[in-house]
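These protein sequence lines map, in sequence, to chains A and B. The working numbering numbers the first residue of the first sequence as 29 and each following residue consecutively. The working numbering numbers the first residue of the second sequence as 1188 and each following residue consecutively. Glycine included, each C-beta is placed from N, C-alpha and C at the ideal position. Beneath this line is the structure, given in structure tokens, with notes to follow.
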Amino acid sequence: MPIVLIVAETQPDGGLRKASLNALTAGAQLAKAAGAELHAVVLAKDAGAVAAQVKDYGVKVVHAGSAAHLEHGLAEALAPAIADLAASIKADWVGAAATAQGRDTLPRVAARLNAAMATDVTGFTGSGADVAVMRPMWAGAVIAEVKLHTPVKVFTVRTTEFPAAEKSGGGEVKAFAPAAPKLPTKHVEFKEVKSARPNLTEAKVVVSGGRGTKGDFKEIEALADELNAAVGASRAVCDAGWQPNDLQVGQTGKVVAPQLYVAAGISGAIQHLAGMKGSKTIVAINKDPEAPIFQVADYGLVADLFKALPELRTAIKAAK
Amino acid sequence: MKILVTAKRVEDPESKIKVKPDGSGIVPEGLKYKINPFDEIAVEEALRLSAAHTGDVVVVSIGTKDVHEQLRHALAMGATKAVWVNHTGALDQLAIARLLQKVVEKEKPDLVILGKQSIDDDQNQVGQYLAEFLGWSQATFASKVEALDSDAEKNKQPGLKLTADKKGLTVVREVDGGLSTLECSLPAVVTTDLRLNQPRYASLPGIMKAKSKPIEELTPAALAVDVAPKLTVTKLSSPPARKAGIKVADVPALVEKLKNEAKAF
Ligand SMILES: Cc1cc2nc3c(=O)[nH]c(=O)nc-3n(C[C@H](O)[C@H](O)[C@H](O)COP(=O)(O)OP(=O)(O)OC[C@H]3O[C@@H](n4cnc5c(N)ncnc54)[C@H](O)[C@@H]3O)c2cc1C
Ligand SMILES: Nc1ncnc2c1ncn2[C@@H]1O[C@H](COP(=O)(O)O)[C@@H](O)[C@H]1O
């Protein structure tokens, strides 16, 4: 039987990255279409605990690779471990969530397997050996149907297009010990941007600010706190250093699809829309009635954000 | 320090991309072309490093003769010489990385800087493929600690820093949840993110000088690379359009819609 292998990612704190649950759903969909069985791999200094967690999500086998050199998630460390495992279990597909680590590592895995690769897969079509993948191109202006013609096929998953996997019975955990390659790269440090707010890619509500804020995010943050929302930003904001890079929503930043997305002082360039147009409800607040953001907004308010945001927060508080 | 950079020809990010009715491609009329914005950042970074440590910057582009425009752009910014891999037709990331591998083996740079992604294919793969094919260290999504309006940026300081023994490169990267710092041993492959630098404009003397700088021509055959696509795009379509929304008159009207129609809270 063909095998789909999903790489489940661990976070710097050692826990399972939630995006991997979305990748497991994609893996299950692919396995169904391709008539394959679903495996997962967890790689960490000690992969045991996360592997025990992953095995409950409809996975036949979780391969738990533990080794000291995997600690910082370097691509040069992860890629051989994944590729060697894929070769030994004869995996036909190898996938992961399109997180920073997934994007960093999976092409290196593909290179080792001499495999073609599709990034940011949004769906699968066809069946058996004929499965093709769907993926966005040109900042989401185009959806492409793509065929991979190598024996092993590699992909990353756009997590907003697949719901998080739910627990559905336990598989088996198989431990293995990946050999340590000579690493040409050294991890120096990870500077975490700490925030008490929900994670941007996981939040049900996102309040984003653009250049129109002139860097003053007080009202954006206050509304976010009222709605228990994550804060997002346009490229202009991150480029100016007003907010951390990690908050950039768009083609080359984070892709989000919350229940509610509020864009304030954001013009709505295609590169920004690429990261948020899958949101269920979009609210735009912009003082320019011609701003392109209004073309995707369910509710558009032509107003000065410094006046509208406090009013909105007070009114929501009163209406709750 | 010899640095090799890439310059892909892509549609201008301001262009409106439309799919042909039969799904076979995008409508070419009215499109403008540019150097991939991430590659322009790569060229800028290479120029800063070579200014700080002396050395040559070689720029490579793969495609039809049209890519001379992008090569000349990089030469006008200050690159020393250009390599054109002449090929007409579709290329996948696997083939591009194999071609670049061969060019790297010929040119023997200490560092290769590419864009993290091309804004047409949005694949985000070539740098990583290349690093693995070469067996080199990689640092994707290179950024820096300083903001783009900092003094370091105004003084055109490189964001990538050579280590004291000059055998390594310290790279700050944009990753999920913050910034990670790696030390790559050279030779290495780096891919750029948006906040690594603000590319310079080509000066008029730069543009004049670029006209006489050499462009070496190579072909996949000469490099002995089989470029038959292993990834094919079988069909293009437009994403589903969002249904048109409404403009609300004021904040109370917005809150009413959010509460009763969208059930957003
Ligand atoms: C390669 C590449 C990649 C990119 N990737 C991304 C990406 O991932 N994400 C992204 O966001 N962008 C990205 N961009 C940039 C994108 O093209 C736009 O430049 C950017 O999104 C603009 O940000 P903005 O809307 O905040 O600023 P602007 O376009 O300057 O818009 C500011 C808006 O604020 C409004 N405004 C001003 N003052 C007020 C006020 N007081 N009240 C209300 N409204 C006000 C104005 O009317 C205007 O519409 C990318 C560009 C390139 C070339
Ligand atoms: N045809 C090409 N010529 C030169 N460089 C390329 C070409 N295609 C891709 N690249 C490089 O590879 C990077 C990543 O591209 P991609 O993996 O296609 O998103 C780009 O930023 C370029 O630097």
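Short of 8 Å from the beta carbon of A:L337, and not among the five residues preceding or following it, lie these beta carbons of its own chain, in chain order: E247, I248, A250, L251, A292 and I313.
In the structure shown, the three-state DSSP call for B:L1335 is coil. Around the beta carbon of B:K1221, 16 or more other beta carbons lie within 10 angstroms, which makes this residue buried. With contacts defined as CB atoms closer than 8 Å, B:Y1316 and B:A1277 fail to qualify as a contacting pair.
If only uninterrupted alpha helix (DSSP H) runs of at least 4 residues are considered, those enclosed by the segment 209-295 of chain A are 246-254 and 263-267.
At a cut-off of 8 Å between C-beta atoms, B:R1259 does not count as an interface residue with respect to chain A. For the set B:G1314, B:H1260, B:N1342 and B:V1244, the Cα lying nearest the Cα of B:L1286 is the one of B:G1314.
Ligand 1 never approaches B:T1350 closely enough for any of its heavy atoms to be under 7 Å from the residue's Cβ.
Between A:V265 and A:R239, the CB-CB gap stays under 8 Å. Nearest CB-CB separation between B:L1335 and chain A: below the 8 Å threshold.
Under the three-state reduction of DSSP, B:K1207 is assigned to coil, being neither helix nor strand.
Separation of B:K1430 and A:V311 (C-alpha to C-alpha, rounded to the nearest whole angstrom) is 14 Å. Per DSSP, the continuous beta strand (DSSP E) segment holding A:V330 begins and ends at Y327 to V330. The DSSP assignment places 76-82 as complete runs of the alpha helix (DSSP H) inside the segment 59-100 of chain A, in order along the chain (cut-off: 4 residues).
Residue environment: A:Y289 is assigned as buried (16 or more neighbouring CB atoms within 10 Å of its CB, all protein chains considered). Residue ranges of uninterrupted beta strand (DSSP E) with 3 or more members, entirely inside the segment 108-142 of chain A and ordered along the chain, are 121-125. Along the segment 1215-1235 of chain B, there is no position whose C-beta sits under 7 Å from a C-beta of chain A. Inclusion of A:E65 and A:A59 in the CB contact set at 8 Å is warranted, their separation being smaller than that value.
Counting the other Cβ atoms within 10 Å of the Cβ of A:L49 gives 16 or more, which makes it buried. In this structure, the CA atom of B:G1393 is about 46 Å from the CA atom of A:Q39. Of all alpha-carbon atoms in B:N1223, B:P1427, B:V1420 and B:E1404, the one lying nearest the alpha-carbon of B:N1311 is that of B:N1223. Cβ contact annotation for A:L211 (same chain, cutoff 7 Å, sequence separation greater than five): H97, L102, E104 and A105, in chain order.
Shortest gap from the CB of A:Q299 to any heavy atom of ligand 1: under 7 Å.
Taking 8 Å as the upper bound on Cβ-Cβ separation, chain B lies near no residue of the segment 186-200 of chain A. Taking 7 Å as the cut-off, the C-beta of B:V1313 counts as close to a heavy atom of ligand 2. Bridge partners of B:A1440 according to DSSP: none are assigned.
Considering only A:A124, A:R136, A:D132 and A:L141, the residue with the shortest C-alpha distance to A:T150 is A:A124. Listed as beta-bridge partners of B:L1356 by DSSP are B:L1349 and B:C1371. In this structure, the C-beta of B:Q1280 approaches ligand 2 to less than 7 Å from one of its heavy atoms. Note: B:N1273 is bridge-paired with B:G1250 in the DSSP secondary-structure output.
Remark: the C-beta of B:P1215 is outside contact range of ligand 1, defined as less than 7 Å to any heavy atom. Short note on B:N1384: C-beta not closer than 7 Å to any heavy atom of ligand 2. Secondary structure of B:A1194 (DSSP, three-state): coil.
Here B:L1423 is bridged, per DSSP, to A:A172. For A:A319, the shortest C-beta to heavy atom distance toward ligand 1 is below 7 Å. Residues of the segment 1373-1399 of chain B with a Cβ closer than 8 Å to any Cβ of chain A, in chain order: A1375, D1380, L1381 and R1382.
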